[in-house]
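Novice: Numbering (the numbering used here), first residue to last: 38 to 247.
Glycine is no exception: its CB is placed at the ideal position from the N, C-alpha and C atoms.
These numbers come from a predicted model, not from an experiment.
Can you keep this structure in mind? I'll have questions shortly.
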């Protein structure tokens with residue numbers, strides 16, 4: 038009888054533990070579903086740039102779209118992509134698709150991503166695009182950004198800024214000379230030509246947002 042009770046208690050414990058784990062998994066799945074999907078309209082924002090001005094997408098009257106890139110100072114992946122982000126801005130800003138870089142990290146958790154350090158990094162690297170601080174961390178959850186870097190290509194339409202591509206810049210963060218697929222360039226070129234983007238989503242590789 039005693040063994041039966043012990044066995045029953047063990048079974049009950051396992052059932053409760055499994056239910057708890059399922060709850061965690063469901064919560065995780067829910068979190069993964071938050072944020073924009075391809076085809077959604079992205080809300081505008083107003084964030085402080087390293088030059089002290091406030092920047093919104095609506096400021097760019099002649100833009101055809103935007104490369105909104107969540108990045109930061111401290112992540113090795115983000116650092117590896119800085120020159121490629123500068124190159125993307127140089128290539129596509131004249132075509133009406135400028136880079137808008139946003140630092141989503143909390144400076145309290147990552148002091149190296151403070152506004153002062155952002156200004157230093159932008160000057161050091163010669164950023165040619167806005168580098169904005171997501172103060173209060175309100176914008177990156179709307180987008181569903183999870184990594185640095187994480188790219189969202191937006192197309193400016195009469196209805197608003199439509200999400201056209203989400204994911205990685207390319208398929209080799211370690212070595213730009215060894216890249217086989219330039220996901221972002223392919224997506225922007227297709228968008229500007231009025232063609233279908235393929236792929237529309239890729240997995241962003243980088244550091245988790247803090």
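Looking at the secondary structure, which residues open and close the beta strand (DSSP E) in which residue 85 lies?
Specialist: Counting along the chain, the beta strand (DSSP E) containing residue 85 begins and ends at 84-86.
Novice: Output the distance between the C-alpha atoms of residue 178 and residue 72, rounded to the nearest integer angstrom.
Specialist: Cα to Cα, the separation comes out at about 6 angstroms.
Novice: Grouping DSSP H, G and I as helix and E and B as strand, with all else coil, what is residue 149?
Specialist: Three-state result, residue 149: helix.
Novice: Reducing DSSP to helix, strand and coil, say where residue 79 ends up.
Specialist: Residue state, collapsed to three classes: strand.
Novice: How about residue 100 and residue 133: do their beta carbons lie closer than 7 angstroms?
Specialist: Yes. Within cutoff.
Novice: Considering only residues of the same chain and omitting the five flanking positions on each side of residue 127, which have a CB-CB separation below 7 angstroms?
Specialist: Cβ neighbours of residue 127 beyond the five flanking positions: 165.
Novice: What is the rounded straight-line gap between the Cα of residue 200 and the Cα of residue 191?
Specialist: Distance between the alpha carbons of residue 200 and residue 191: 5 angstroms.
Novice: Take residue 120 as the anchor and find which of 98, 161 and 232 has the nearest alpha-carbon.
Specialist: With distances taken between Cα atoms, residue 120 lies closest to 161.
Novice: Inspect the beta-carbon positions of residue 225 and residue 129 and report whether they are closer than 7 angstroms.
Specialist: Yes.
Novice: With a cut-off of 8 angstroms, do at least 3 Cβ pairs link the segment 206-225 to the segment 136-144?
Specialist: No: the two stretches stay apart, fewer than three of their Cβ pairs being nearer than 8 angstroms.
Novice: Does the pairing of the segment 167-176 with the segment 197-214 give three or more beta-carbon distances under 8 angstroms?
Specialist: No: fewer than three Cβ pairs fall under 8 angstroms.
Novice: How far does the beta strand (DSSP E) with residue 188 in it extend, from its first residue to its last?
Specialist: It spans 187-194 - the beta strand (DSSP E) in which residue 188 sits, taken as one unbroken run.
Novice: I believe residue 159 touches residue 87 by the beta-carbon criterion, under 8 angstroms. Please report the beta-carbon distance rounded to the nearest angstrom.
Specialist: That pair is a contact at about 5 angstroms.
Novice: Under 7 angstroms, do residue 123 and residue 186 count as touching if we go by C-beta distance?
Specialist: No.
Novice: Tell me whether residue 100 sits in a helix, a strand or coil according to DSSP, three-state version.
Specialist: Note: residue 100 maps to coil in three-state DSSP.
Novice: Would you kindly report the start and end of the unbroken alpha helix (DSSP H) that includes residue 115?
Specialist: Taken as a continuous stretch (DSSP letters only), the alpha helix (DSSP H) holding residue 115 covers 113-129.
Novice: Work out the CA separation of residue 108 and residue 63 for me, nearest whole Å.
Specialist: Confidence in residue 63 is poor, its pLDDT being 31 and thus under 50, which makes the residue's placement unreliable; the coordinate value appears in the next sentence. About 28 angstroms.
Novice: Quick one: using the 10 Å Cβ neighbour count with 16 as the cut-off for buried, is residue 193 buried or exposed?
Specialist: Buried, by the Cβ-count rule.
Novice: For the alpha helix (DSSP H) holding residue 180, just list the boundary residues, first then last.
Specialist: Looking at the DSSP string, the run of the alpha helix (DSSP H) that includes residue 180 is 176-180.
Novice: Would you kindly report the start and end of the unbroken alpha helix (DSSP H) that includes residue 138?
Specialist: No alpha helix (DSSP H) holds residue 138; the beta strand (DSSP E) holding it covers 136-140.
Novice: What is the DSSP secondary structure of residue 201, reduced to helix, strand or coil?
Specialist: Note: residue 201 maps to strand in three-state DSSP.
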